[in-house]
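Beneath this line is the structure, given in structure tokens, with notes to follow.
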Amino acid sequence: KLNYRLKWLFNTSVAGDILAADQGYFKAAGLDVTVKEGSPEKNAINELELGYADFGVASADQVIRALDKGADVVVLAQLFQVNPMQWIYRADRPEIKMLEDLKGRHIGITFGGNDETIMRTLLARAGLGEKDVRLSGVRFDFTPFLKKKVDVWPVYKNSQGVILADQLSREGEAVYFFNPSQFGVNFVANSIVTSGKMIQTHPERVKIFLKALLSAWEAAMDPLNEAQVLASVKKKDTQTPDDIQQKQLAATRQLIKPDKGIRIGVIDVGAWKQTETIMLNEHQIKGPVGIASRLIGPEGL
Amino acid sequence: MLFRRIYQFLIVYCLGLVGLLGIKQALGLSDYVIPGVSLILSTFGRVSGGYFLDVLNTLSVTIFGQIISIAMAFTVGILGRKSSWAGSFIKVMAYNIQAYPIVALAPIIFILLGDGFLSRLLIASMICYFPLLLSVLGVMAVPVKDIEHFYIATGRMRWQLEVKIRAFENLSKLTTVIAGSATLAMAGTIVAEFIAANAGIGYSIRIALYQSDLAGILTALFYIGIIISVYQGMLETLGELVKTKWSAPKGGELL
Amino acid sequence: MLFRRIYQFLIVYCLGLVGLLGIKQALGLSDYVIPGVSLILSTFGRVSGGYFLDVLNTLSVTIFGQIISIAMAFTVGILGRKSSWAGSFIKVMAYNIQAYPIVALAPIIFILLGDGFLSRLLIASMICYFPLLLSVLGVMAVPVKDIEHFYIATGRMRWQLEVKIRAFENLSKLTTVIAGSATLAMAGTIVAEFIAANAGIGYSIRIALYQSDLAGILTALFYIGIIISVYQGMLETLGELVKTKWSAPKGGELL
Amino acid sequence: MRLECNGLKYTYPESEVAVIDNLCFSMAGPGFNAVFGPSGVGKTSLAKLVVSQKDQPDSRILAPGMETILYSYNQERLPGWSSTGSHLDKVCPAGKEALKQELINIFKLAPVLDARFAQLSMGQQNRMNLIRYLLQEFDLLIMDESLANVDEALRENIILAIKALFPKKMFLYISHNLMEVAKFCKDILVLSEPVKQKGSFMVKGRDYCQGYTLDKRSFDATMLEIMDAF
Amino acid sequence: MRLECNGLKYTYPESEVAVIDNLCFSMAGPGFNAVFGPSGVGKTSLAKLVVSQKDQPDSRILAPGMETILYSYNQERLPGWSSTGSHLDKVCPAGKEALKQELINIFKLAPVLDARFAQLSMGQQNRMNLIRYLLQEFDLLIMDESLANVDEALRENIILAIKALFPKKMFLYISHNLMEVAKFCKDILVLSEPVKQKGSFMVKGRDYCQGYTLDKRSFDATMLEIMDAF
Ligand SMILES: Nc1ncnc2c1ncn2[C@@H]1O[C@H](COP(=O)(O)OP(=O)(O)OP(=O)(O)O)[C@@H](O)[C@H]1O
Ligand SMILES: Nc1ncnc2c1ncn2[C@@H]1O[C@H](COP(=O)(O)OP(=O)(O)OP(=O)(O)O)[C@@H](O)[C@H]1O
Ligand SMILES: [Mg+2]
Ligand SMILES: [Mg+2]
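If you read the protein sequences in the order shown, they are chains A, B, C, D and E. Using my numbering, the letters of the first sequence correspond one by one to residues 27 to 327. Using my numbering, the letters of the second sequence correspond one by one to residues 471 to 725. Using my numbering, the letters of the third sequence correspond one by one to residues 471 to 725. Using my numbering, the letters of the fourth sequence correspond one by one to residues 6 to 235. Using my numbering, the letters of the fifth sequence correspond one by one to residues 6 to 235.
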């Protein structure tokens, strides 16, 4: 009996995780896995240590922070090849083609969140200081963006991004997304993690779990399976309208499997190292954590 | 009585809605800031059934949580009624824990209890118990001299009796607070679900918020209002029953 | 009195901390899940100054919010004390708004008021006012016959007088609740900051939460506890003053 | 000015026996009248019925010529937030300040005007309460044991003063002091316990006024008459 | 068994004048003794001082041979959650059931045992309260106007019954009824108003018991003696 703790609520961006349970991928591998939703208060790495969970999803900054504080966590696979954390802005505003275009913009960031870290890195690279832009703290509702008080707003591109784009398009407004990785900042997002102890004591179980999960993800990201995948997602995420879910799935594909040749779950070691460096520069960790040694990846097992 | 409560709620709700729509109209806000009537109606139709069941689910935890809160409030209130060191210590403890917003305590609660039903219940009752506690403390700390004198003078006073006398003399205050605390328990449960659970209307509100679906939130508020009105109406009827059962018949008051 | 409050708080806090560290030790948890003593101390040293100012910032909103809550609670309580249609309507309104958890109302508030000081204040007072209201209602709805009879019989009863009589007769209940509601106002302000603001300790807690910085949260809880103890102690002293000023000297009670 | 009762009956809810059963009497005002009878016979109940039923349609209680009926009793309290003296000032209608002062002197309350109500002795509380009522406009004032905790000498002075100061008003004095009732009251309604099956009687009291000299014979006769009815 | 007071003085906080100033008296128990005096003179204060100061070091109040002193007054209430009868049962010590029954009959309370306290008439409330105290263990029972709202005939019966039933106990009866005090009490402490500068006196009452015949002459003399001291 295994528990798998996600980072956030059930929605289309965890289609693979949903599919693994719903379509019997775990069962076929002989595992009994419960997939659970997460939240800021329900942190997968904590639960690994406390024994409430056996596997989980955590973002790179969480992993690095945990390592910094002596947690025993290892990365099994990197789900997002492109960080879904991006900024949305209206198309009637000048497009951001270079980092310098950020100058003078009113940008939303979640103070304390990793979008803040990313944005600060971007601004530093562009040589922009606090005075060159206006930064506003954001919360969970989008009113300031919708009311045009803030013009560049952080979203998860494949979930909220889709919803917002849809809402605005109904009023005849188009949107752009500002993607940091296009400007050389590759801050890694969600990954599958487990504890070092788990790997040592049950390497076989980890292997089987990861294999089942990743094959579910492969299936979920296959456009041919779309109808089936959406049906599974709908069981868990009943509130989102169907057309939105379809668009979300498409957006998710581009982040998980940006290219046909990329195997789902591969670890972009360079991006991880960059993430560590960024966090070190932003004084979010005390010292280097040697992240490379904690990256196992689908091949490492 | 119950019927009145419900239609009064409907009036309140409609007033609120009309106010929102008025603002939308006046400021010319688009549907994504404040949803229009047709969007509200279609959303209502879509999520109605699910939300109704969610609210019932929430109500079941609410009832549980309220019972626990009442028990906690009376326990702490009775222990803390004295101005002794121990009494004031218990009060300080109860007060401080309250001052900690649940959002700050939630991570610790999850570490200690995991994320099951227990955490949800604990959070719900932590939100609800404190206001009850204040009232219980207020009532329990004031002696009813003309009744208590005899028992003190003759050495018959026990804490149970003291509590009973003071509770009885303040029965209608206590029933008001207890019936009223149902709404607090409901709000507490919703918050608990918002942070912790994967069921209940609080969870649905979180999803709606995440999707910036104000129409969905309005629907949720509608069902919460209806159900809480019914629940509270029932509690009040119960309170009246207790009062007439326990206390002297009031019919005999001539002036 | 004040001093006692503070060291009692320190005891409570230390007990909690020792409990947490005990769990850490027993389960062999890393600093990430539960921070160790050295991490707590270093975090404390690092964020202490900032958090202290944050809490003071929060306190200023708290005081404001509490004053507004008290005004609201008395207004609604006095209007809603009658069992007339209007009275019960006001009650239903006040109750329903309370049943809506702040997380659900927050978006609407932000739409209406923006995310400045006003929203923060409104949310804080909405969280704080309801428990006060319940007590005020409880007190205001019960006649004090032996005092009121004369004024009713001679046609001198005005609502102000009625309110004054009932408030005076229940002075110590009301002061208990008002002093106690300080913690609610504090918690309310923190929640408001948590969801809305860019300042205050609630905002700092949110950041700490995002960064899984439990040591930071523990530091915040420490300062919240200290400040609320001091504030509440002051309110209680004030309450005593009011009681002795307004009511008859109690020294003359022989038995 | 008259207080009349024709076949009044009252049963408390949840009680089987009527406290007042087919009561008929009539007393003329103005003057100092009384209701007398053993404890628990229904004096307080009758007084409250007079107040609450007076203006009701087909009431069994008639009070022609009496607009305002006030009911005072010995367990009333004044609010505690200011001194009793200032409460008296508050409820004293304009133009009655002299009356107020006179009453305070007669009631011997001058020394305690600065005290809060809770600090007064029981008899002082009784008196303070009664003064308030006497300052109001009324046609009939019911005094339900309003002076129960005052000493007899002072009580006599107070009663005589009230009679002298308010000759045009009607009073209904409820007391357990037989001598007092017999001495100072005009029409005395004597209620007797239902078990005795005697019903109610009207007895004429001596109705003494200030400066009276006691006529021992007739006074004893009145007392006897009341005791017989009792 | 004796109650003694040597130079007792008491001033309420926030008050300038002493309510009780250099009071000295001594009364012997057992028996039915009284404190008598005008309203506001300090009877209640004295009674409360007796209860609260008795066991204090260097107290001015001595009560040798008296362990338990109970103070009852006429405004006490019984809790309202059950009938007065069941409250009496609750506070009746084992073995005193017969006494309780007897007292209920003497106090004429049998018909109201099923009622709640708030439903009783004032006199019934007085009596119900007093019965509770009589059922307890005590050496001295202070009755501070405990029967103030009871009619005189019944009150006389009650006093005589108490004297007969509790010959070994001491009672301190505070009342405003001069005749009653003169008739039934043994040692009467008469307090007079400080303005009169008379101080306090002890007067011997007639101390009549059940079946007494009134000796008019000596009774009048006693009354006069008290009035003089008053
Ligand atoms: N609210 C009530 N409900 C039921 N019975 C009541 C109520 N109030 C009074 N009674 C009963 O009615 C009877 C008359 O009561 P009432 O108070 O009128 O007596 P009373 O003549 O004023 O006596 P007292 O001289 O003792 O004051 C009593 O037997 C009492 O028990
Ligand atoms: N708590 C108090 N504080 C100040 N003064 C008080 C207090 N209680 C009583 N007094 C005053 O002390 C005096 C004596 O009061 P006490 O109650 O002893 O009188 P009493 O003899 O019992 O009178 P009564 O026959 O009217 O009951 C009164 O003048 C009263 O105003
Ligand atoms: Mg009566
Ligand atoms: Mg007295």
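Yeah, the Cβ is synthetic: ideal placement off N, Cα and C, and Gly gets one too.
Asked	Found
Consider the C-beta atom of residue 25 of chain E and the heavy atoms of ligand 4; say whether any pair is separated by less than 8 Å.	no
By how many angstroms is the C-alpha of residue 557 of chain B removed from the C-alpha of residue 564 of chain B?	11 Å
Hey, does residue 548 of chain C have any beta-carbon neighbour from chain B nearer than 9 Å?	no
How would you call residue 626 of chain C, buried or exposed, if buried means at least 16 neighbouring beta carbons within 10 angstroms?	exposed
Ligand 2 and residue 714 of chain C: does any heavy atom of the ligand fall closer than 8 Å to the residue's C-beta?	no
In whole angstroms, what is the alpha-carbon distance linking residue 79 of chain A and residue 40 of chain A?	18 Å
Got a sec: which bits of the segment 485-503 of chain B sit with their beta carbon under 8 Å from any beta carbon on chain A, in order along the chain?	499, 500, 501, 502 and 503
Assign residue 165 of chain E to one of two classes, buried (16 or more other C-beta atoms within 10 Å of its C-beta) or exposed (fewer than that).	buried
Say whether chain C places a C-beta atom closer than 9 Å to the C-beta of residue 317 of chain A.	no
Can you tell me whether residue 133 of chain D sits near ligand 2, meaning its C-beta is under 8 Å from at least one heavy atom of the ligand?	no
Taking C-beta pairs closer than 8 Å, name the residues in chain E that residue 63 of chain D reaches, listed in chain order.	Here the premise fails: no neighbours, minimum Cβ distance about 27 Å.
Could you check whether the Cβ of residue 131 of chain E sits closer than 9 Å to any Cβ belonging to chain D?	yes
Going along the chain, which residues of its own chain have a beta-carbon closer than 7 Å to the beta-carbon of residue 82 of chain E, five neighbours each way excluded?	122
Under the criterion of a Cβ to heavy atom distance below 8 Å, does residue 576 of chain C qualify as lining ligand 1?	no
Since residue 705 of chain C contacts residue 649 of chain C with CB under 8 Å, what's their CB separation in whole angstroms?	4 Å
Could you tell me if residue 530 of chain B is buried or exposed, where buried requires 16 or more neighbouring beta carbons within 10 angstroms of its beta carbon?	exposed
Measuring straight from C-alpha to C-alpha, what distance separates residue 120 of chain E and residue 88 of chain E?	5 Å
Go through its chain and collect everything with a Cβ distance to residue 583 of chain B's Cβ below 6 Å, but skip five positions before and after it.	589
Which residue marks the beginning of the beta strand (DSSP E) containing residue 280 of chain A, and which one marks its end?	Here residue 280 of chain A belongs to no beta strand (DSSP E); instead the alpha helix (DSSP H) covers 268-282.
So for residue 316 of chain D, helix, strand or coil by DSSP?	The question about residue 316 of chain D has no answer, for chain D in this structure spans 6 to 235.
Provide the residue span of the beta strand (DSSP E) that contains residue 163 of chain A, from first to last.	160-163
Assuming residue 267 of chain A contacts residue 103 of chain A (C-beta within less than 8 Å), just tell me the rounded distance between them.	Not really, about 31 Å apart at Cβ, beyond 8 Å.
List the residues of chain A that residue 585 of chain B touches, going by C-beta distances under 7 Å, in chain order.	68
Going along the chain, which residues of the segment 153-166 of chain E sit with their C-beta nearer than 9 Å to a C-beta in chain D?	153, 154, 155, 156, 157, 158, 159 and 160
Does the beta carbon of residue 720 of chain B sit closer than 9 Å to a beta carbon anywhere in chain A?	Low confidence applies to residue 720 of chain B: its pLDDT is 48, below 50, so where it sits in the model is not reliable enough to give any reading.
May I have all residues whose beta carbon comes closer than 7 Å to any heavy atom of ligand 4, sorted in chain order?	D:126, D:127, D:128, D:154, E:48, E:49, E:149, E:150 and E:179
Mind pulling the alpha helix (DSSP H) runs of 4 or more residues that sit fully within the segment 592-648 of chain C?	615-623 and 629-639
Kindly indicate the opening and closing residues of the beta strand (DSSP E) around residue 104 of chain A.	99-104
Check the C-beta distance from residue 97 of chain A over to residue 508 of chain C and give it rounded, since I have them as a contact under 8 Å.	Actually they are not in contact, since the Cβ atoms of residue 97 of chain A and residue 508 of chain C sit about 16 Å apart, beyond 8 Å.
With a threshold of 16 other CB atoms inside 10 Å of the CB of residue 521 of chain C, please say whether the residue is buried or exposed.	buried
Which residues of chain A have a Cβ atom closer than 7 Å to the Cβ of residue 682 of chain C, listed in chain order?	69, 88 and 91
Please confirm whether residue 505 of chain B has its beta-carbon closer than 9 Å to some beta-carbon of chain C.	no
Examine ligand 1 and report whether any of its heavy atoms sits within less than 8 Å of the Cβ of residue 124 of chain E.	yes
Anything in chain B within Cβ reach of residue 168 of chain A, meaning under 7 Å, just list it in chain order.	682
Which residues in chain D sit within 7 Å of residue 620 of chain C, going by Cβ to Cβ distance?	81 and 137
Helix, strand or coil, according to DSSP, for residue 78 of chain D in the structure here?	strand
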